[in-house]
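Read left to right, the sequence shown gives residues 2 to 764 (the numbering used here). By construction, the Cβ of each residue, glycine as well, lies at the ideal position given by its N, Cα and C atoms. Every value quoted in this text rests on a predicted model; they were computed, and no experiment measured them. To start, the structure under review is shown below, and the notes come after it.
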Amino acid sequence: MNKHPNKYFIKILLFGIIISSFPVITIGIFSYFKASSTIQTNANQAKEMSLNQIQNSVEQVLKTTDHSLTYFVNSALLINTLSEPLVVHQFQLFNEIRQELTHLQTFDTGISDIVLLSKEKNWFINNIGLYRLEQVEDAVELHTYFHLPVDSMWRVAKNTSDPKMYHTCQTHIELIKKLPLNSTNKKGLAITKIPVCHLGKLFSYDQDNESVMIVGRDQQVFLHTNPTILSELDIRGSVLDHISTLVSSSGQFRVAEGVTNFTVSYRKSDYNGWTYLSFISIEELTKQSRAIGWFTAGISIALLIVALIVAWFVSQRIYSPVKKLFNFTTNVFPIRTDKPIKDGFEFLTEQIHHVVDENSQMENKLQTQAEQLKVLFMLKLYQGDLSSKDITEKLHSYGYNDSWHKLSVITVQIDTLDGTRYNSNDQDLLLFAINNIMEELITDTQRLTPIVIDQSQTTIRFSHTQDAQSFKEDLFLLAQNIQQTISKYLQLDVSIGISLPFTELVNVQQAYHESLEALKNRMRLGDRAIIYYHELPQGGYPIHTFFPSKLQNELSDAIKVANREQVDHFLALFFQDLLNKQLGPKEYEMWTARLLIDFIQLTHSLGIHYMSFTDNQSVFEQMFRLRTTKEIQDWLRYSIIEPIIVTIEERMLSQYKKISEHIIMIIQEEFEQEISLDSIASRLHYNPNYISSVFRKETGIPFSEYLAMHRHVKAVHYLKDTGMSIKEISQRLQYNNSQNFIRSFRKTEGMTPGQYREQHKHQ
Numbered sequence: 002m003n004k005h006p007n008k009y010f011i012k013i014l015l016f017g018i019i020i021s022s023f024p025v026i027t028i029g030i031f032s033y034f035k036a037s038s039t040i041q042t043n044a045n046q047a048k049e050m051s052l053n054q055i056q057n058s059v060e061q062v063l064k065t066t067d068h069s070l071t072y073f074v075n076s077a078l079l080i081n082t083l084s085e086p087l088v089v090h091q092f093q094l095f096n097e098i099r100q101e102l103t104h105l106q107t108f109d110t111g112i113s114d115i116v117l118l119s120k121e122k123n124w125f126i127n128n129i130g131l132y133r134l135e136q137v138e139d140a141v142e143l144h145t146y147f148h149l150p151v152d153s154m155w156r157v158a159k160n161t162s163d164p165k166m167y168h169t170c171q172t173h174i175e176l177i178k179k180l181p182l183n184s185t186n187k188k189g190l191a192i193t194k195i196p197v198c199h200l201g202k203l204f205s206y207d208q209d210n211e212s213v214m215i216v217g218r219d220q221q222v223f224l225h226t227n228p229t230i231l232s233e234l235d236i237r238g239s240v241l242d243h244i245s246t247l248v249s250s251s252g253q254f255r256v257a258e259g260v261t262n263f264t265v266s267y268r269k270s271d272y273n274g275w276t277y278l279s280f281i282s283i284e285e286l287t288k289q290s291r292a293i294g295w296f297t298a299g300i301s302i303a304l305l306i307v308a309l310i311v312a313w314f315v316s317q318r319i320y321s322p323v324k325k326l327f328n329f330t331t332n333v334f335p336i337r338t339d340k341p342i343k344d345g346f347e348f349l350t351e352q353i354h355h356v357v358d359e360n361s362q363m364e365n366k367l368q369t370q371a372e373q374l375k376v377l378f379m380l381k382l383y384q385g386d387l388s389s390k391d392i393t394e395k396l397h398s399y400g401y402n403d404s405w406h407k408l409s410v411i412t413v414q415i416d417t418l419d420g421t422r423y424n425s426n427d428q429d430l431l432l433f434a435i436n437n438i439m440e441e442l443i444t445d446t447q448r449l450t451p452i453v454i455d456q457s458q459t460t461i462r463f464s465h466t467q468d469a470q471s472f473k474e475d476l477f478l479l480a481q482n483i484q485q486t487i488s489k490y491l492q493l494d495v496s497i498g499i500s501l502p503f504t505e506l507v508n509v510q511q512a513y514h515e516s517l518e519a520l521k522n523r524m525r526l527g528d529r530a531i532i533y534y535h536e537l538p539q540g541g542y543p544i545h546t547f548f549p550s551k552l553q554n555e556l557s558d559a560i561k562v563a564n565r566e567q568v569d570h571f572l573a574l575f576f577q578d579l580l581n582k583q584l585g586p587k588e589y590e591m592w593t594a595r596l597l598i599d600f601i602q603l604t605h606s607l608g609i610h611y612m613s614f615t616d617n618q619s620v621f622e623q624m625f626r627l628r629t630t631k632e633i634q635d636w637l638r639y640s641i642i643e644p645i646i647v648t649i650e651e652r653m654l655s656q657y658k659k660i661s662e663h664i665i666m667i668i669q670e671e672f673e674q675e676i677s678l679d680s681i682a683s684r685l686h687y688n689p690n691y692i693s694s695v696f697r698k699e700t701g702i703p704f705s706e707y708l709a710m711h712r713h714v715k716a717v718h719y720l721k722d723t724g725m726s727i728k729e730i731s732q733r734l735q736y737n738n739s740q741n742f743i744r745s746f747r748k749t750e751g752m753t754p755g756q757y758r759e760q761h762k763h764q
């Protein structure tokens, strides 16, 4: 390949970029948010301090005005003046009062007018002059001030409409004091008026981005700078109602006006109950934060560029050995795939996998062939096809251990599949599973390769000791372990045959036949047997010529009458008799073969000329393949006897039907004659009791009852459709007299024949 894949290089580069950029980005983001948070906090605190300064500036004027006016109204001059009528000759007193009022209206407080009123002497003084109360336009409203709940309070009011009074502000604030202050008998009022415009000049604010608002006790806004900034904001719904629910006397919160968000700072005055508000857009408040953000982003981008450059050069240095290794590999190993190679490691991995796979396939083939050769060697060994020289050569070539002192053949056979979850089709798989269990239970140093022959599993077991008794005990314990393991994992019962011990492998064929011969004795020992060949009678079993012919005859009779209960009984007695005789395997085969021949002869004697017991298989081969008495007994019962019984039943049912139909035909044709069961039996050449039982089985009712029912039907017909007399009908239907006919008819229909005929006369 001319161009090496760069996927791994890209991975290294990406890793370097991530490692180098992560701290830069993390620190940049942290620095930005930390600085922004600090600046935002400081800005919010600055706004709160600014609003506090505005409150202090306004309240300083209010308090100065309040103190000055309080001092004036408590002076002896004013207290005495309230009781004077201020007529013309008291001009000097009026001038003194005017001088004091002028002195109160200094530039700092911004007082635009001071009103003195004496309700008792009916005069009114302001900056313009002296008036009688009835001359004052607002006299009625001024009288309402005497009903205020407190003696001194601040109040917001509109400017007077008096043309002599002019001011650019439309609203002013009034400090109202009821006089005398220390008396319950209020004679007059002292009112100072300060234009709201003057209050706006007492503090500074951001005239471009901030709006300041002062709200009175009655939640009415009387001072509002830059109102155009909040033109679309619902002041009362969004701000004032919310502040009224807050417990804290000062604080901040956010509100939205369209797409613009505002930070609202507020302070509630304990002096006069006013609320001071400052509105400033969050965008303006975070201007410095954004500036810091841009600065931080610039620094971070510069650092990232430096990190990328460093990561690029470092990645090149790291990838250099990999690139050299890949170039070398492409020259040694050809590329074995049409797919594009993404990186050198993928190519190397693919080549290594290819080599390992080929090696594994070769090993598997060799292992499989070796196992197959071992199995072939064992088959020839069991068949006796190898000489001593061939056996010795094969043992060493296949790596078998030949340091034994004694050997024995262990053959395992499945007892039965009845009552298990398996069927006959699973036989081969089960033997294969048993073969695997034998490989696991017996180590390689104690056996040759286990194999399956026909319907058996067989293994050659070694003994490394010369003690025959110890070897026998080891074989017994091994056989028990085999049975328990197979029962645990396969839920199967097996029997085990063990040959005589031998020393040379040339004797394996004879030992194998010994183990099979031992297993044939399961017929008398039952399932889960462990049978040693040396425990069998070495001279052979005595031959019993006696055959239980009586039981065989009783069994045949039960089959002839299709009595399954009797069949099961006598068949069980027959096999129990075989077990009691302690027969050898050959005699078992001889007796069961004779019994099978008797059953075949029985079918011929019954006239059954064709009977299929098995599917194209020899019944004798099938029976001799069975290994236990229970299997043979069940096979005879359900594969041989049951088909015979079914055929006999079918023939009997056909014969019963013909007899019943013949009897019914006789009744229907000869019901007006004397008919009896004996006469019909004589005509049909059967026993009366036999045809009675056959008729009852086929029709479900006795012969006499069926005859009576048919004659009753005919009697009804004669009564309805003919003019025959009752006596003639009774004689015709073979009743002894008319009274018997009447009683029989009344019993069936519930009325006499005459009544029945009368009832159906007109139908």
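{"Item": "Around the Cβ of residue 303, are there at least 16 other Cβ atoms within 10 angstroms (buried) or fewer (exposed)?", "Value": "exposed"}
{"Item": "The alpha helix (DSSP H) that contains residue 92, what's its start and end?", "Value": "92-105"}
{"Item": "Between the C-alpha atoms of residue 552 and residue 559, what's the straight-line distance to the nearest angstrom?", "Value": "11 Å"}
{"Item": "Whose C-alpha, out of 377, 730, 717, is nearest the C-alpha of residue 761?", "Value": "717"}
{"Item": "Within a Cβ cutoff of 8 Å, which residues of the same chain sit near residue 64, ignoring the five residues on either side of it in sequence?", "Value": "272"}
{"Item": "Give the secondary structure of residue 262 by DSSP, where H, G and I count as helix, E and B as strand, and everything else as coil.", "Value": "strand"}
{"Item": "Grouping DSSP H, G and I as helix and E and B as strand, with all else coil, what is residue 131?", "Value": "strand"}
{"Item": "Could you name the residues that DSSP lists as bridge partners for residue 189?", "Value": "119, 180"}
{"Item": "Spell out the partners DSSP gives residue 465 in its beta bridges.", "Value": "Answer is none; residue 465 lacks a bridge partner."}
{"Item": "Going straight from the alpha carbon of residue 384 to that of residue 479, what length do you get?", "Value": "25 Å"}
{"Item": "May I have the straight-line CA-CA distance separating residue 57 from residue 155, to the nearest angstrom?", "Value": "16 Å"}
{"Item": "Please classify residue 634: is it buried, with 16 or more other beta-carbons within 10 angstroms of its beta-carbon, or exposed?", "Value": "buried"}
{"Item": "Any idea what DSSP makes of residue 79, helix, strand or coil?", "Value": "helix"}
{"Item": "Quick check on DSSP: helix, strand or coil for residue 703?", "Value": "coil"}
{"Item": "Can you have a look at residue 263 and say buried or exposed, based on whether 16 or more other CB atoms are within 10 angstroms of its CB?", "Value": "buried"}
{"Item": "I need the DSSP call for residue 254, collapsed to helix, strand or coil.", "Value": "strand"}
{"Item": "Starting from residue 513 and walking both ways along the alpha helix (DSSP H), at which residues does that stretch end?", "Value": "509-520"}
{"Item": "Do residue 253 and residue 45 come within 8 Å of each other at the CB atom, strictly closer than that value?", "Value": "yes"}
{"Item": "Residue 439: buried (16+ other C-beta within 10 angstroms of its C-beta) or exposed?", "Value": "buried"}
{"Item": "Can you look up residue 745 in the DSSP assignment and give me helix, strand or coil?", "Value": "helix"}
{"Item": "With DSSP as the reference, label residue 540 as helix, strand or coil.", "Value": "The predicted position of residue 540 is uncertain, since its pLDDT is 47 and thus under 50; a value taken from the coordinates is nonetheless stated next. Residue 540 falls in the coil class under three-state DSSP."}
{"Item": "According to DSSP, which residues form a beta bridge with residue 173?", "Value": "158, 196"}
{"Item": "How many whole angstroms separate the CB atoms of residue 678 and residue 663, which I take to be in contact at a CB cut-off of 8 Å?", "Value": "In fact, because the Cβ distance is near 13 Å, the residues do not count as touching under 8 Å."}
{"Item": "Since residue 193 and residue 112 should fall inside the 8 Å C-beta cutoff, what is the C-beta to C-beta distance between them, to a whole number of angstroms?", "Value": "5 Å"}
{"Item": "So for residue 697, helix, strand or coil by DSSP?", "Value": "helix"}
{"Item": "In chain order, which continuous runs of the alpha helix (DSSP H) of length 4 or greater are located wholly inside the stretch 367-437?", "Value": "389-398"}
{"Item": "Taking a contact to mean a Cβ-Cβ separation below 8 Å, would you say residue 600 touches residue 642 in this structure?", "Value": "yes"}
{"Item": "Exposed or buried, what is residue 378 when buried is set at 16 or more other beta-carbons lying within 10 Å of its beta-carbon?", "Value": "buried"}
{"Item": "On the three-state DSSP scale, how would you describe residue 270?", "Value": "coil"}
{"Item": "Since residue 375 contacts residue 444 with CB under 8 Å, what's their CB separation in whole angstroms?", "Value": "Their Cβ separation, rounded to whole angstroms, is 16 Å, which puts residue 375 and residue 444 out of contact at 8 Å."}
{"Item": "Between residue 195 and residue 174, which are expected to be in contact by the criterion C-beta below 8 Å, what is the C-beta distance as a whole number of angstroms?", "Value": "5 Å"}
{"Item": "Nearest-angstrom Cα distance between residue 129 and residue 157?", "Value": "22 Å"}
{"Item": "Pull up the distance between the alpha-carbon of residue 114 and that of residue 103, whole angstroms please.", "Value": "9 Å"}
{"Item": "Can you give me the C-alpha to C-alpha distance between residue 311 and residue 39, rounded to a whole angstrom?", "Value": "34 Å"}
{"Item": "Please report the straight-line C-alpha distance between residue 532 and residue 573, rounded to a whole angstrom.", "Value": "25 Å"}
{"Item": "For residue 243, which residues of its own chain have a beta-carbon under 6 Å away from its beta-carbon, when the five flanking residues on both sides are left out?", "Value": "none"}
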